[in-house]
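Just so you know, the sequence shown maps onto residues 27 to 418 in this note's numbering.
Below is one structure, written out as structure tokens, with a few remarks after it.
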Amino acid sequence: MSYPVIPLIPGKEAAIGFWHPWIFSGALSKVPEGIEHGELVCISDRQGEIIGTGTFSNKSSIAVRVFAFGEAVIDRAWLVAKLKASAERRVVTVSKDTTAFRVVFGEADGIPGLVVDRYGDVIVFQISTKGLDRMREDVVAALDEAFAPSAIVERSDIAVRREEGLNDFVAIHKGDVNEPVAFMENGLSLMADVQAGQKTGFFLDQKDLRKWVLDHGTKGNVLNLFSYSGSAGIAAIKAGANHVHNVDGSKEALELCARHGEINGIPAEMFTTEISDVFDWLNLNKESRYDTVIMDPPALIKAGRDAEEGKKAYHFLNRAALRLVNDGGLFITSSCSHFLPEEDLAFILRRASVQAGVRLDVLAVIRQAADHPQSVYFPESAYLKTFVCRVS
27 MSYPVIPLIP GKEAAIGFWH PWIFSGALSK VPEGIEHGEL VCISDRQGEI IGTGTFSNKS
87 SIAVRVFAFG EAVIDRAWLV AKLKASAERR VVTVSKDTTA FRVVFGEADG IPGLVVDRYG
147 DVIVFQISTK GLDRMREDVV AALDEAFAPS AIVERSDIAV RREEGLNDFV AIHKGDVNEP
207 VAFMENGLSL MADVQAGQKT GFFLDQKDLR KWVLDHGTKG NVLNLFSYSG SAGIAAIKAG
267 ANHVHNVDGS KEALELCARH GEINGIPAEM FTTEISDVFD WLNLNKESRY DTVIMDPPAL
327 IKAGRDAEEG KKAYHFLNRA ALRLVNDGGL FITSSCSHFL PEEDLAFILR RASVQAGVRL
387 DVLAVIRQAA DHPQSVYFPE SAYLKTFVCR VS
């Protein structure tokens with residue numbers, strides 16, 4: 027099978043030469059007439075040699091997302107092979123008492139535009155690009171062939187699809203899923219709302235944070251801000267906390283949070299919930315004090331243009347939350363914004379702690395779990411960072 031060939035402007039081969047999977051529109055010499063949005067194409071260098079195969083976009087500044095460095099046939103068989111290889115890599119990164127993990131992390135696993143999560147025997151996937159949207163039938167068939175799950179759910183309802191001119195698409199392609207899907211993670215009993223929850227139903231990328239809490243323990247009263255379904259709070263209780271108060275803006279998330287407490291055998295009075303905007307809550311609860319504060323806000327910087335406003339928001343949250351931590355307590359704070367580098371979050375913490383009148387000693391820096399691989403060829407795959415600090 028041959029695909030249309032798009033030549034690069036001479037001198038623009040450097041990125042693809044180092045296996046970066048994005049080619050921006052400014053690097054293309056001339057796009058032949060008739061190439062459709064999302065169509066599979068080949069990329070050639072100045073000598074006319076094919077140096078990449080991928081999908082073309084006429085909507086996004088990322089004009090080509092590279093699936094193979096060289097000439098390749100991207101079809102169902104190719105997808106099955108890539109899915110199996112990606113799953114095999116997870117064998118060494120996921121503990122034996124964990125039944126939920128990310129199987130495919132887009133470009134970092136060589137399948138741009140595709141995310142696949144596994145919750146027990148249920149597969150949930152997201153498509154973010156027109157190229158894979160056109161291949162949906164092959165994607166579903168490949169997932170079924172590679173993993174033979176009891177159910178396949180699609181959650182292509184993410185904002186980035188707008189950049190590709192795509193609407194949301196949610197479907198159950200195989201099986202029945204009527205309830206949140208149960209799974210295990212490092213001995214914790216958890217559930218994912220795969221039909222309506224955030225992301226694909228759960229924040230699998232914070233697995234290492236929950237493991238740190240389990241291994242090192244927390245004490246006394248714990249405040250869990252932006253708690254979502256309360257998994258970090260469950261880990262805190264299991265590690266020795268007396269009480270966890272979970273605050274989130276989603277009623278549905280907190281309902282699942284309460285269920286998490288129940289299935290883990292935690293008395294309701296030890297695991298409480300409150301629906302509130304966290305910014306408002308911090309303004310209204312300045313006199314509260316906790317032995318541990320855990321804070322995992324959503325991405326407050328979604329693009330480079332949002333950086334300054336986003337940094338102000340992160341600064342407010344961290345300064346306000348630090349003032350609630352008892353002397354000698356723990357402060358655990360995260361950012362999932364790729365556009366906020368780790369050193370910038372450290373700078374925000376430095377300023378926030380001085381203004382809050384406390385000192386921070388960093389006990390650990392935790393990044394996204396290994397099933398969300400950080401590719402050396404794709405720096406954009408690194409996004410999550412968490413600082414665990416002792417407060418005095």
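Glycine included, every Cβ here is placed at the ideal spot set by N, Cα and C.
Exercise for the section: Would you mind listing the alpha helix (DSSP H) stretches within the stretch 320–351 that are 4+ residues and don't spill past its ends, in chain order? Expected result: 333–348
Problem - Whether L386 touches C415 by CB criterion (7 angstroms) - result: yes
Problem - Close-in-space but distant-in-sequence residues of the same chain around L366 (CB under 6 angstroms, 5 per side omitted) - result: I327
Exercise for the section: Counting only runs of 3+ residues fully inside the stretch 349–405, write out the beta strand (DSSP E) ranges in chain order. Expected result: 351–361 and 386–393
Problem - Opening and closing residue of the beta strand (DSSP E) in which G80 lies - result: I76 to F82
Exercise for the section: Could you have a look at D183 and say whether DSSP puts it in helix, strand or coil? Expected result: coil
Problem - Completely contained beta strand (DSSP E) runs for the stretch 130–168, where each covers 3 or more residues - result: 140–145 and 148–153
Practice task
Put F305 into one of helix, strand or coil per three-state DSSP.
Solution key: helix
Problem - Rounded straight-line distance, which links the Cα of V270 to that of A279 - result: 16 angstroms
Exercise for the section: Please say whether D317 and N247 have beta carbons closer to each other than 7 angstroms? Expected result: yes
Handout entry: Residue from D219, I260 and L251 with nearest C-alpha to K233
Key = I260
Handout entry: Inter-residue Cα distance where the pair is G354 and S418
Key = 5 angstroms
Handout entry: Minimum C-alpha distance to G275 - residue among L251, A267 and A258
Key = L251
Handout entry: Beta-ladder partner(s) of M296, from DSSP
Key = Answer is none; M296 lacks a bridge partner.
Practice task
Spell out a yes or no on whether the stretch 31–51 and the stretch 86–104 are touching, meaning 3 or more CB-CB pairs, one atom from each, closer than 8 angstroms.
Solution key: yes
Practice task
Return the CA-CA distance between V150 and A267, expressed in angstroms with no decimal places.
Solution key: 33 angstroms
Problem - Residue environment, A134, which counts as buried when at least 16 other CB atoms sit within 10 Å - result: buried
Exercise for the section: Enumerate in chain order the residues of its own chain whose CB-to-CB distance from I289 is below 6 angstroms, with the five nearest sequence positions on each side excluded. Expected result: S215
Handout entry: CB-CB length for V148 against V179, believed under 8 angstroms
Key = 7 angstroms
Problem - Touching by the beta-carbon criterion (3+ pairs, under 8 angstroms), the stretch 67–74 and the stretch 32–40 - result: yes
Exercise for the section: Go ahead and pull the three-state DSSP assignment for A503. Expected result: This structure leaves residue 503 out entirely; the chain is present only between 27 and 418.
Exercise for the section: Would you tell me roughly how many angstroms separate the C-alpha atoms of A103 and S121, rounded to the nearest one? Expected result: 29 angstroms
Handout entry: Start-end ranges of the alpha helix (DSSP H) lying completely within the stretch 185–265, minimum 4 residues
Key = 233–242 and 257–264
Problem - Through-space distance from A339 to M321, alpha-carbon basis - result: 13 angstroms
Handout entry: C-alpha distance - R115 paired with R162, whole-angstrom precision
Key = 24 angstroms
Handout entry: Contact under 7 angstroms by Cβ, I100 with I77
Key = no
Practice task
Leaving aside the five residues before and after K237 along the sequence, list all residues of the same chain whose C-beta is less than 7 angstroms from its C-beta, in chain order.
Solution key: N212
Problem - Contact under 7 angstroms by Cβ, L140 with L158 - result: yes
Exercise for the section: Find the nearest neighbour of A333 within the set H364, L308 and L350, judged by alpha-carbon distance. Expected result: H364
Handout entry: Distance CB(L375)-CB(A346) smaller than 7 angstroms
Key = no
Problem - Neighbourhood of T412 by C-beta, 6 angstroms cutoff - its chain only, sequence neighbours within 5 removed - result: L235, S360 and I392
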